[in-house]
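Trainee: Handing you this structure, nothing more for now.
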Amino acid sequence: MFNRFTVHACSALVLAVICAGSASAQQVETGDLVLNNAWSRATPRGAKVGGGYLIVDNKGSTADKLIGGSSPAAGKVEVHEMAMNNGVMTMRPVKDGLSIPAGKSVSLAPGGYHLMLMDLKAPLKKGDKIPVTLKFEKAGDVNVTLDVRDIGATSGQMDHAKPGMGH
Ligand SMILES: [Cu+2]
64 MFNRFTVHAC SALVLAVICA GSASAQQVET GDLVLNNAWS RATPRGAKVG
114 GGYLIVDNKG STADKLIGGS SPAAGKVEVH EMAMNNGVMT MRPVKDGLSI
164 PAGKSVSLAP GGYHLMLMDL KAPLKKGDKI PVTLKFEKAG DVNVTLDVRD
214 IGATSGQMDH AKPGMGH
C-alpha cells in the first residue's frame with residue numbers, strides 16, 4: 064500500500080503538505096484558487112459543532128476572501144479563528160471574512176483558522192464525507208468535501224505519523 068518511495072517522500076518536511084493532499088486525493092480548482100486537503104474530525108456523541116480544515120492557495124494576482132459557507136450536515140457554517148485570550152484558548156468568528164492574499168497559501172487547521180459547522184444534524188463519524196459549499200468574495204461558491212478523520216487527528220500531516228509507516 065505504501066511503497067518505499069512514498070514513505071521517503073513523506074519524510075521530507077517540505078513534501079508533507081503535498082503528501083497529505085494526495086492522501087485525501089481531493090483538489091478543487093476554481094479560478095485563481097486551489098483548495099486542498101479538506102478534512103474534519105469525528106465528533107463525540109451529542110456534539111453540536113464540528114471543525115473543518117483545508118488549505119487555500121491563491122495563485123492569482125488579486126486577494127480573495129473566505130466569507131462563510133453552508134452544508135447540508137449543519138445548520139450553519141462559520142469561519143472562526145482561535146486566539147489566546149488571557150491565557151485561555153478562545154474562538155470567535157472572523158470578522159469581515161478570512162483574507163486569502165494574492166500568491167499566498169492560507170491554512171485552516173486545528174488551533175488556528177477553521178470552519179465551524181454549527182448545529183450539526185448528526186455527529187461526524189470517521190469515514191464520512193461532508194459536503195460543504197464555501198463562499199468566497201470573488202470566486203463565489205465553491206464545493207468541497209470534508210474527509211472525516213479520527214477523533215484524535217490533529218492535522219493533515221499527522222496522518223503520516225502512524226506506527227509502522229517508517230517514521
Ligand atoms: Cu470555531
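Position one of the sequence shown corresponds to residue 64 (our numbering), numbered consecutively onward.
All C-beta atoms, glycine included, are put in the ideal place defined by N, C-alpha and C.
Here the structure is a predicted model, which is why all the values come from computation and not from measurement.
How big is the Cα-Cα spacing for W102 and K192?
Mentor: Reading the sequence shown from its first residue, position 39 is the one you call residue 102. Reading the sequence shown from its first residue, position 129 is the one you call residue 192. W102 and K192: Cα-Cα distance of roughly 9 Å.
Trainee: Kindly indicate which residue of L171, L183, K184 has the alpha-carbon position closest to the one of L98.
Mentor: Within the sequence shown, residue 98 is the residue found at index 35, counting from 1. It is L171 whose Cα lies nearest to the Cα of L98.
Trainee: For the region 105-119 against the region 201-217, do three or more pairs of beta-carbon atoms, one drawn from each stretch, fall closer than 8 Å, so that the two count as touching?
Mentor: Enough Cβ pairs lie closer than 8 Å, so yes.
Trainee: For A146, which of helix, strand or coil comes out of DSSP?
Mentor: By one-based count along the sequence shown, residue 146 stands at place 83. Strand at A146.
Trainee: Is any heavy atom of ligand 1 found at a distance shorter than 7 Å from the C-beta of M152?
Mentor: Here the question's residue 152 lines up with position 89 in the sequence shown. No; taking the cut-off as 7 Å, the Cβ of M152 has no heavy atom of ligand 1 nearer than that.
Trainee: Closest to L183 by CA distance: which of I130, K139, N121, I118 is it?
Mentor: Working through the sequence shown from its first residue, we reach residue 183 at position 120. Comparing Cα positions, the closest option is K139.
Trainee: Short of 6 Å in beta carbon distance, which residues of its chain neighbour V91, apart from the five on each side in sequence? Order them along the chain.
Mentor: Within the sequence shown, residue 91 is the residue found at index 28, counting from 1. If we look at V91 and ignore the five residues flanking it on each side, its Cβ neighbours are L98, V207.
Trainee: Apply the 10 Å Cβ neighbour rule to M147 and answer buried if 16 or more other Cβ atoms are within range, or exposed otherwise.
Mentor: As a position in the sequence shown, residue 147 is number 84, starting the count at 1. Exposed, since its Cβ has fewer than 16 Cβ neighbours within 10 Å.
Trainee: In the DSSP output, which residue or residues are listed as bridge partners for Y176?
Mentor: Residue numbering aside, residue 176 sits at position 113 when the sequence shown is read from its first letter. None, per the DSSP bridge assignment.
Trainee: Apply the 10 Å Cβ neighbour rule to D127 and answer buried if 16 or more other Cβ atoms are within range, or exposed otherwise.
Mentor: As a position in the sequence shown, residue 127 is number 64, starting the count at 1. By the 10 Å Cβ count, D127 comes out buried.
Trainee: Apply the 10 Å Cβ neighbour rule to D210 and answer buried if 16 or more other Cβ atoms are within range, or exposed otherwise.
Mentor: The sequence position of residue 210 within the sequence shown is 147, counting from 1. Per the 10 Å Cβ criterion, buried.
Trainee: Any idea what DSSP makes of Q90, helix, strand or coil?
Mentor: Along the sequence shown, one-based indexing puts residue 90 at 27. Strand, per DSSP.
Trainee: Pull up the distance between the alpha-carbon of A185 and that of E141, whole angstroms please.
Mentor: What you label residue 185 is simply residue 122 of the sequence shown in a count that begins at 1. What you label residue 141 is simply residue 78 of the sequence shown in a count that begins at 1. One C-alpha to the other measures close to 17 Å.
Trainee: For D95, which of helix, strand or coil comes out of DSSP?
Mentor: One-based indexing of the sequence shown puts residue 95 at position 32. It is coil, neither helix nor strand.
Trainee: How big is the Cα-Cα spacing for I130 and K189?
Mentor: Counting from one through the sequence shown, the residue named residue 130 turns up at place 67. Counting from one through the sequence shown, the residue named residue 189 turns up at place 126. Answer to the nearest angstrom: the Cα atoms are 27 Å apart.
Trainee: Buried or exposed: which applies to S134, given that a residue is buried once 16 or more other Cβ atoms fall within 10 Å of its Cβ?
Mentor: As a first step, residue 134 is located in the sequence shown; it is residue number 71 there, counting from the start. Classification for S134: buried.
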